[in-house]
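Have a look at the structure below, then the notes.
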Amino acid sequence: MNNNLEQGKKIIKDKIPLIPKNPGVYRMISQKGEILYIGKAKNIPNRLKSYVTDSNLPIRTERMLSLTKNLEVTTTSNESEALLLEANLIKKHKPRYNILLRDDKSFPYIYIGNKDKWPQLTKLRGKKSKDGYYFGPFASIGSANWTIKILQKIFQLRVCDDTVFRNRERPCILYQIKRCSGPCVNNISESNYKKTVIDAIDFISGKSRKIQKNLSKDMEQASKDLDFEKAAIARDRIKALTQIQMSQKINQTNLNEADVISIYKESGKTCVQVFFFRSKQNWGNQAFYPKHDSDENIKEILTSFLTQFYENKSVPSLILTNTDIKDLKLLEKTFSTKENKNVIIKKAKNKNEINISKLAEKNAKQALTQKIYQTESNNNLIDNLSKKFNLNNNINLIEVYDNSHIQGNDSIGALICFGNEGFIKKRYRKFNIKNDKIKNDDYGMMKEVLFRRFSKAVKEKSGSLSLPELVMIDGGKGQYSVSREVLNELGLHDLPLLAVAKGKNRNAGEEKIYYEKKEYVLQKNDPLLFFIQRLRDEAHRFAISTHRAKRKKGLRKSLLDQIDSIGKQRKRALLNHFGSARAVESASLEDLKSVEGIEDNVANKIYNYFHE
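For the sequence shown, the residue numbers in the numbering used here are 1471 to 2082.
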C-alpha cells in the first residue's frame, strides 16, 4: 500500500504546478477510470498540497490516494459555483470516498392554477413550469393528500383533470359527498368558485382564523336571509375547519418558512431528520441515511448533506440545525444567490428553536435505532440462509426473479433485490418479454430474463446492476434447471441459485426449495422459511403490479392511436370535441371536419377507418 500511496501523492504533486490558483472542483480517478472522490476548493492547488504534505492523513484518505492514478480539475469563477458543481457531480457519479445522500428525490407540492376559469387542485412533483400557486414541499405524498382532502372538505374545489371536467354531463360522487361544488355542471357561479379558491389559498398560507371569521359572517347573513341551506353549508365548513385546527400541529416556534434539520450518529451510521415548516404549519418530516465512512465526523456529514439535499430543491429562508456546520457563510451566500433571497443557516439557540430541534433529533435517533436493528436482523437471516445451504461466499445482495402474464398476454419478467438494509427498490427491474414464441412459456420467459440480465452484467463487469451473491427464482425443478443452464452458459458456474416451489395445494409453509439437485423442506415455523417467503412474495407482488400496469396501459390505448396521422394534438382535439373515442367512431364526416385542427383529408381518413 505504501508504494501505491506514494505513487498517488506523486501524481497529485506533479499536477499541482499546472493548475491555476482558482476556485473549482477536483476529481481523483482510479486505474479503471472510476471517480474515487470529488472535492471543491477556494484555491485548488493549496487544497491539493494538503494531500501531499500532511503526514497524518486519515486511513480512508490514504486508501483513496493509493488507488488514485489520475487527477481532473474544473475551475469556476467563484467558490459558490464550485460548491454547487461539487454537489451536482457527487450526486451524478456517487464516488465511493464521498459522503453520499441516498434516496434523494423531489418532494410533492400542491398546485392551484391562476389562469383557468375553474382552477384545479392537484399535486405536482419536479419543475414548477406552470403559472399558479405552489405550496410545499410536503415530506410525503401522504402529507400532501391529507392537505388536499382538507381543502376539498372545506372549500370543495375540483380535483378532476381538464379532459374529465370538460366532458361531464352530471356531477361525480365527490359532489354527492360534499367534496366538490360541481363547477363542471355550473352548480356554483364562477365568482363564488373564485372566492373559494382565494379562501383556500389563504387557508394553506396560514390564514385559517380569517377564513373562520368570514364563514361565520356568511352563516349569520344566510340565517338572516332565511337561506338555511347556505347557512348549513357554512356551518359544516366551520365545523370541519375547527376539527382540523384541533388536530393540526401548528408549530409553536412561529416558523413561517423553515426546514429544521437534525443529525444523529451511532455505531458508525447516521440519520438526518428533516422537518418542513411552511405557513406556520408542519408539513411532515422525513429521515435520510447518508452513506459515509464510519469515522466521519457529524459536522462534515451534515455539511455535505445540505449541499446535496438542496442542489435540486428550493431552499427556505431559514435552516435550523442541531449542530454547527462547515463553510457556513459560503453555504448561506450560495443558497441566497440560488434562490434570490436572504437564506439564514443557524444552530438552534432560543428555547422554542431548541425544543423543535430536539424533537427532530429524537426522531432521527428513533429512526436510526430501528434501521440498525433491521440491518442486524437482515444480516442474521442472510447468515442463516448461507449456513443452511452451505454457501461459501459472503452474501451482500440477493436477486429474486418472477414472471407474470395472462395466457401469454402482457408478459413480463420481474427482478427485485435484497441487501442487509432491506429491499433495494432502486435496483428493481422489469423485463418486457421480446420473443413472441415464449410469451406463454414460463421456462422460456425465465431463460430470456436471466440471459438478458446476466449477459449484460458479464459484458460490463460493473455498473448499477453488478452481480449478486445469490439468485433466487420462483419455481420448481424445471425452472431451476433452465436457470442453471443459462448461468452456466454465461460462465457463472459459481453463482448460487435457489428455486422456491409452492407446496402441495399451493399452501404457504409447504414450499420446496431446490439447490444443486437437492430438495429442501423447512419447518413451518422456521424464521428462515418466513424470510424466503417474504423475498418470494415481494418478487411476486412486483411482477403482478408491473403486469397490471402494462395491461392497464394497453387497455387505455384509444382506437384513435391505431390511425395514421393522428398524433397527440389531433387526438386531444377529437376527444375534447366528442368526449370519447366511441363518439368519434360514430361521428359523421361533416362532424369530423368541423373539429378545429382536423383537415378534410384527415377527417376522411378517420371516417374511412371506422366505416370501411
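Glycine included, C-beta positions come from ideal geometry on N, C-alpha and C. All values reported here derive from a predicted model rather than from experimental measurement.
- DSSP places Ser1806 inside the alpha helix (DSSP H), whose first and last residues are Leu1798 to Glu1809.
- Uninterrupted alpha helix (DSSP H) stretches at least 4 residues long and entirely within the region 1491-1550 occur at 1514-1523 and 1529-1537, given in chain order.
- If the five residues before and after Pro1760 are omitted, its C-beta is found closer than 8 Å to the C-beta atoms of Ile1569, Leu1570, Leu1571, Arg1572, Thr1740, Val1742, Ile1771, Ser1774 and Phe1775, all from its own chain and listed in chain order.
- Distance from the CA of Ile1618 to the CA of Lys2075, rounded to the nearest whole angstrom, comes to 44 Å.
- Nearest neighbour of Arg1679 by Cα position, chosen from Lys1700, Lys1694, Lys1709 and Tyr1663, turns out to be Lys1709.
- In its chain, beyond the 5 residues on either side, Arg1530 have a beta carbon closer than 7 Å to the beta carbon of Asp1763.
- In this structure Ile1514 does not touch Pro1565 by the C-beta definition: roughly 17 Å separates them, more than the 8 Å allowed.
- With contacts defined by Cβ atoms closer than 8 Å, Cys1887 and Tyr1871 do not form a contacting pair.
- The DSSP-derived three-state label of Arg1566 is coil.
- Tyr1521 and Leu1920 have their alpha carbons spaced roughly 45 Å apart.
- Residue state for Asn1958 is assigned as helix, using DSSP reduced to three classes.
- Only residues of its own chain outside the window of five on either side were considered, and among them none has a CB closer than 7 Å to the CB of Asp1964.
- Secondary structure at Cys1887: strand, using DSSP grouped into helix, strand and coil.
- Asn1792 is positioned such that its CB atom lies closer than 8 Å to that of Ala1818.
- With a threshold of 16 other beta carbon atoms within 10 Å, Tyr1984 meets it and is buried.
- Asp1872 sits in a strand when the DSSP states are folded into three classes.
- Val1730 sits buried, since 16 or more C-beta atoms from the chains shown fall within 10 Å of its C-beta.
- In the DSSP assignment, Asn1662 falls within the unbroken alpha helix (DSSP H) covering Glu1660 to Ile1674.
- One Cα belongs to Asn1548, the other to Ile1486, and the distance between them is close to 19 Å.
- Close CB contacts of Glu1736 within its chain, under the 8 Å cut and outside five residues either way in sequence, are with Lys1835, Leu1838, Thr1839 and Ile1842 (chain order).
- In the structure shown, Ala2057 adopts coil according to DSSP, grouped into three states.
- Secondary structure remark: continuous alpha helix (DSSP H) runs of at least 4 residues inside the region 1721-1747: none found.
- Contact between Leu1798 and Ser1827 is ruled out by a C-beta separation of about 16 Å, above the 8 Å threshold.
- Taken atom to atom, the span from the alpha-carbon of Ser1550 to that of Phe1673 is near 37 Å.
- Where Val1634 is concerned, the enclosing alpha helix (DSSP H) starts and stops at Asp1632 to Arg1636.
- Contact between the region 1902-1909 and the region 1934-1944 is not established, with fewer than three Cβ pairs separated by less than 8 Å.
- A distance below 8 Å between beta-carbons, with the five flanking residues on each side excluded, links Lys1816 to the following residues of its chain, in chain order: Leu1788, Ile1789, Leu1790 and Thr1791.
- In the DSSP assignment, no residue is bridged to Ile1486.
- For Asp1484, the number of other beta carbons within 10 angstroms of its own is below 16, and it is reported as exposed.
- Leu1829: member of the alpha helix (DSSP H) spanning Lys1821 to Lys1858, first to last residue.
- Apart from the 5 residues on each side of it in sequence, Tyr1579 sits with its Cβ closer than 8 Å to the Cβ of Lys1593, Leu1594, Arg1595, Lys1598, Tyr1604, Phe1605, Gly1606, Pro1607, Phe1608 and Ala1614 in its chain, given in chain order.
- Thr1546 is positioned such that its CB atom lies no closer than 8 Å to that of Pro1490.
- In the three-state DSSP reduction, Asn2078 falls in the helix class (H, G or I).
- By the CB criterion at 8 Å, Gly1883 and Asn1873 fall inside the cutoff.
- Membership of Phe1901 in the beta strand (DSSP E) is indicated by the continuous run Arg1899 to Asn1902.
- Excluding the 5 residues flanking it on each side, Thr1804 has same chain C-beta neighbours closer than 6 Å at Ser1550 and Leu1553, in chain order.
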